[in-house]
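Residue numbers (my numbering): 3 to 302. Positions of the beta carbon are idealized from the N, C-alpha and C atoms, including for glycine.
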Amino acid sequence: MEIVSGSGRLEAGVLVHGGAGTVEEERKASHEAGCLDGARAGQSVLATGGSALDAVQIAARRLEDLPQFNAGTGAALTADGTVEHDAAIMDGARLRAGAVAGLAGFKNPIDVARAVLRDGRHVLLCAEGAARFAERAGIGRVDPASLITDRARAALERVRAGTAPRGWAGGTIGAVGRDAAGNLAAATSTGGVVGKLPGRIGDSPIVGAGTLADDAVAISATGDGEGILLVGFAQRIAGALAGGGELEAVLREVLAVLSAKGAATGGVIAIDRAGRYAWARSTSTMSWAVATSEGDASGI
Ligand code: ASP
């Protein structure tokens, strides 16, 4: 297993990923372009004085709307052919989070997660309770069929036919950001894995597994969700950083732990209090992009 990584530094900006996995050659450009679009949408929030929390929500919402990603519209389908979204958003400055799991019938699950955060009574809501909460928060349901793309249907057919392994789809989205005041935030949104059992919840909406932000670091992970849950992936990164580790090196080390202990692969993006950011993957691709007031960069 090869681990590939990169890093940089920013004053204020947004770093996003478009999922760890194996994106075919002909789809790489659209993945990278989509990430740039999402990162720029987040950065434009910061440019007009918005917070890191607002920026990651807007970046995630844009990525959810792009059908090439496994989130929002175009999300991976369950074994029943339905969409069940997982999403989380976390405000590092105030150590508050909102998350939804198994949410059906909403175009932008990250907005529902943000409403859970804003409400403040709970961190994680699931299934129909989460849907009723969203409606009370003024977020309307959409026709679940409007979230399903032909590509998602075809991916499920391949899994059903046994011509593709049941497993994670790639294309989960995530964003981490730092605003000019030095506050950090993280967001992750996904349809999970193709052909998952209805009711399955992955790592993305779980604080400390797929998503984490505090006053030291913001993290969004992607990859084999069961493995990420089992090793406490994001919390492990935060712990290693608190112990004095260097950001990019820590991401690589914890991906190695994910492989050794969790028999799993994945990818991660992170940004720290000082504005250092890094990404790393142990899969063959993970699209990413960063947008700052000084300019953009992207890759896959
Ligand atoms: N981690 C996600 C999940 O297991 C899938 C992914 O990142 O592609 O739900």
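- Message: Relative to the C-alpha of Asp-217, which candidate in Val-233, Leu-105, Ala-265, Arg-96 has its C-alpha closest?
- Response: Arg-96
- Could you check which residue in His-33, Leu-199, Asp-93, Leu-17 has the C-alpha nearest to that of Thr-24? His-33
- Indicate the three-state DSSP secondary structure (helix, strand or coil) for Val-209 in the structure shown. strand
- From Val-139 to Ile-208, what distance separates their C-alpha atoms? At residue 139 the sequence reads Ala, which differs from the Val that was named. In a straight line, the C-alpha of Ala-139 is about 22 Å away from that of Ile-208.
- Message: For Arg-238, count the other beta carbons within 10 Å of its own beta carbon; 16 or more makes it buried, fewer makes it exposed. Which is it?
- Response: buried
- Using the beta-carbon count (16 or more within 10 Å), is Leu-199 buried or exposed? exposed
- What's the gap between the Cα of Asp-113 and the Cα of Asp-39? 18 Å
- Item | With 16 other Cβ atoms within 10 Å as the buried cut-off, status of Pro-111 | buried
- Closest Cα partner of Ala-282 within the set Val-18, Gly-176, Glu-250: Glu-250
- Message: Could you tell me the alpha carbon to alpha carbon distance between Val-16 and Ala-265, rounded to whole angstroms?
- Response: 30 Å
- Query: Count the other CB atoms within 10 Å of the CB of Asp-274; is the residue buried (16 or more) or exposed (fewer)?
  - Reply: buried
- Message: Is it buried or exposed, Asp-181, if we count other Cβ atoms within 10 angstroms and call 16 or more buried?
- Response: buried
- Is the closest heavy atom of the ligand ASP to the C-beta of Ile-230 under 8 Å? yes
- Residue(s) in a DSSP beta bridge with Arg-134: None, per the DSSP bridge assignment.
- Is Asp-56 near the ligand ASP, with its Cβ less than 8 Å from a heavy atom? no
- Message: Quick check: the Cα distance between Val-6 and Gly-277, rounded to an integer number of angstroms?
- Response: 21 Å
- So the alpha helix (DSSP H) Ala-163 belongs to, where does it begin and stop? 152–163
- Message: Closer than 8 Å to a non-hydrogen atom of the ligand ASP - does that hold for the CB of Asp-121?
- Response: no
- Name, in chain order, the residues that DSSP records as bridge partners for Asp-88. Thr-192
- Query: Quick one: what does DSSP say Ile-1 is sitting in, helix, strand or coil?
  - Reply: Any property of residue 1 remains undetermined from this structure, which presents the chain solely from 3 to 302.
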